[in-house]
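S.K.: Numbering (our numbering), first residue to last: 2 to 70.
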């Protein structure tokens, strides 16, 4: 169960990073958009921590908005 969650989390973070790079958004700006600190975003991308449930909701919302356009 935990392994599956980590795999899904990793996929979500990869999508978020691709979104960030495609839109030329810095980690700092992404942190502002998501309402978290730069350190938090940086830890996600470095694999040290994953976003919590609320943060995942907001990430999915951003990625959905991009797909809906």
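All residues carry an ideal CB built from backbone N, CA and C; glycine is no exception.
Is the beta carbon of residue 17 closer than 7 Å to that of residue 1?
M.R.: The chain is shown from 2 up to 70; residue 1 falls before or after that span and cannot be answered.
S.K.: If you drop the 5 nearest sequence neighbours on each side, which residues of the same chain put their C-beta closer than 8 Å to that of residue 63?
M.R.: Closer than 8 Å at Cβ, skipping near neighbours: 17, 20, 34 and 35.
S.K.: Nearest-angstrom Cα distance between residue 51 and residue 37?
M.R.: Whole-angstrom Cα-Cα distance: 13 Å.
S.K.: Give the secondary structure of residue 67 by DSSP, where H, G and I count as helix, E and B as strand, and everything else as coil.
M.R.: If DSSP states are grouped into helix, strand and coil, residue 67 belongs with the helices.
S.K.: Please state whether DSSP places residue 34 in a helix, a strand or coil.
M.R.: DSSP places residue 34 in helix when its eight states are reduced to three.
S.K.: My assumption, with CB atoms under 8 Å, is that residue 47 sits in contact with residue 28. Please give the rounded CB distance.
M.R.: Not quite, the Cβ-Cβ distance comes to about 10 Å (not below 8 Å), so this is no contact.
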